[in-house]
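Please read the structure below before turning to the comments.
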DNA sequence: GCATTGACTAGGG
DNA sequence: GCCCTAGCCAATG
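In my numbering, the protein residues as written are 163 to 285.
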């Protein structure tokens, strides 16, 4: 395997149960790189593994994200799994999200929580 | 080995 | 609620 990160990401995505979805950021966290959400997208693009349900990986907030030139296919696949998908968003996102948000665990290191101080530094 | 790109994310307007 | 900006990481040229 080229990169351990890539294999790890694929492993996690494979564990996503049918009828559920996860975000690039979540996969990145599970992969051990909470800031590598973008890299996760890169891995997905070159998943190279048909058994990896890369279509279950969507963007933060329920956005479909991307699927090359077959975004409509991704939308259809999610709908086929019983999910309500809008034009560019997945409905009931919080309900179908995976993994289920732990209530006891508070140490949730969100990716890029506060990387920037202010955007008004233009002066 | 450096520079650019991309299926990302959150904040601010 | 949509558009733009800033930062991070891995892959590709």
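Cβ atoms here follow ideal geometry from the backbone N, Cα and C, with glycine treated the same way.
Item to complete: Per DSSP, which residues does residue 175 bridge with? Please list them.
Response: Paired residues: none, contrary to the question.
Item to complete: Can you grab the Cα-Cα spacing for the pair residue 179 / residue 249, in whole Å?
Response: Straight-line Cα distance between these residues: approximately 23 Å.
Item to complete: Buried or exposed for residue 194, please, with buried defined as at least 16 other CB atoms from any protein chain shown within 10 angstroms of its CB.
Response: Residue burial is scored here from C-beta neighbours: residue 194 has fewer than 16 other C-beta atoms within 10 angstroms and is therefore classed as exposed.
Practice prompt. Would you mind reading off the limits of the alpha helix (DSSP H) that contains residue 189?
Written response: Counting along the chain, the alpha helix (DSSP H) containing residue 189 begins and ends at 186-193.
Discussion item. Here's a check: name, in chain order, each residue in its chain whose Cβ is nearer than 6 Å to the Cβ of residue 229, leaving out the five neighbours to either side.
Written reply: Non-local C-beta neighbours of residue 229 in its own chain, meaning closer than 6 Å and more than five positions away in sequence, comprise 236, ordered along the chain.
Worksheet entry | Cα-Cα separation between residue 187 and residue 242, rounded to whole angstroms | Between the C-alpha atoms of residue 187 and residue 242 there is a straight-line separation of about 24 Å.
Worksheet entry | Helix, strand or coil at residue 231 [DSSP, three-state] | Annotated three-state conformation of residue 231 is strand, per DSSP.
Worksheet item: If you compare alpha carbons, which of 204, 167 and 215 is closest to residue 184?
Response: If we check each option's Cα against that of residue 184, 215 comes out closest.
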